[in-house]
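Participant: After the structure tokens below, expect a handful of questions from me.
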Amino acid sequence: MQDRQALVQQLREAGMRVTAPRLAVLEVLAARPHSTADVVARGVREQLGAVSTQTIYDVLRSCTDNGLLRSIEPAGSAVRYETRTADNHHHLVCRTCGEIVDIDCVVGQAPCLIPDDDHGYSIDEAEVTFWGQCPSCRAAASNVKPA
Numbered sequence: 050m051q052d053r054q055a056l057v058q059q060l061r062e063a064g065m066r067v068t069a070p071r072l073a074v075l076e077v078l079a080a081r082p083h084s085t086a087d088v089v090a091r092g093v094r095e096q097l098g099a100v101s102t103q104t105i106y107d108v109l110r111s112c113t114d115n116g117l118l119r120s121i122e123p124a125g126s127a128v129r130y131e132t133r134t135a136d137n138h139h140h141l142v143c144r145t146c147g148e149i150v151d152i153d154c155v156v157g158q159a160p161c162l163i164p165d166d167d168h169g170y171s172i173d174e175a176e177v178t179f180w181g182q183c184p185s186c187r188a189a190a191s192n193v194k195p196a
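According to our numbering, the sequence shown is numbered sequentially starting from 50.
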């Protein structure tokens, strides 16, 4: 888990007030990246007690808007949040259990992929999602005997 003082500094550098819900959200996501808002809310409530769902969504939105969080939405999944924002990485998603793993881009700086036709856009980011089956799900599937 990230040091609490480092999280306080991140909030201040982003021009945001330091509040208990903001710190708790960042702590939960540092410990459990790629969490949904529901998972974040449960983690925050474990730390702080009663916190409204609206507060959780407000914190997630403001932290995303200020660059402290990144939201991703793999097809067929709820929006997920992560604290890894300042680098060029992609995601690997298990089709069976939904686990999400960060994949570093081997090319370097964003955008790490260039389309064959940019249609006049100034492209600053490429988002790639790899899909497959994680080792645990593959092992579980291989232990199942066909009927």
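Even for Gly, the Cβ is constructed at its ideal location relative to N, Cα and C.
Values in this document were obtained by computation on a predicted structure and should not be read as measured data.
(1) According to DSSP, is GLU174 part of a helix, a strand, or is it coil?
(2) Have a look at ARG61 and ASN115 and give me their C-alpha separation to the nearest angstrom.
(3) CA-CA distance, HIS138 and ASP153?
(4) When burial is assigned at 16 or more other CB atoms within 10 Å of the CB, is GLU122 buried or exposed?
(5) Can you name, in chain order, every residue of its own chain whose Cβ lies under 6 Å from the Cβ of CYS183, other than the five neighbours on each side?
(6) Going by DSSP, what residue range makes up the alpha helix (DSSP H) through ILE163?
(7) Contact defined as beta carbons within less than 8 Å: I believe VAL74 pairs with VAL89. What is the distance between those atoms, to the nearest angstrom?
Facilitator: So, from the listed chains and residues:
(1) Position 125 of the sequence shown, counted from the start, is the residue given in the question as residue 174. Reduced to three states, the DSSP call for GLU174 is coil.
(2) For the purposes of this step, residue 61 is taken as residue 12 along the sequence shown, with counting starting at 1. For the purposes of this step, residue 115 is taken as residue 66 along the sequence shown, with counting starting at 1. Computed Cα separation, rounded: 11 Å.
(3) Position 89 of the sequence shown holds residue 138. Position 104 of the sequence shown holds residue 153. Going by the C-alpha atoms only, they are around 5 Å apart.
(4) Taking the first residue of the sequence shown as 1, we reach residue 122 at position 73. Result: exposed.
(5) Here residue 183 refers to the residue found at position 134 when the sequence shown is read from its first residue. Cβ within range, chain order: CYS143, GLU148.
(6) Indexing the sequence shown from 1 puts residue 163 at position 114. Taken as a continuous stretch (DSSP letters only), ILE163 belongs to no alpha helix (DSSP H), as it is neither H nor E.
(7) Here residue 74 refers to the residue found at position 25 when the sequence shown is read from its first residue. Here residue 89 refers to the residue found at position 40 when the sequence shown is read from its first residue. Indeed, because the Cβ distance is near 6 Å, the residues count as touching under 8 Å.
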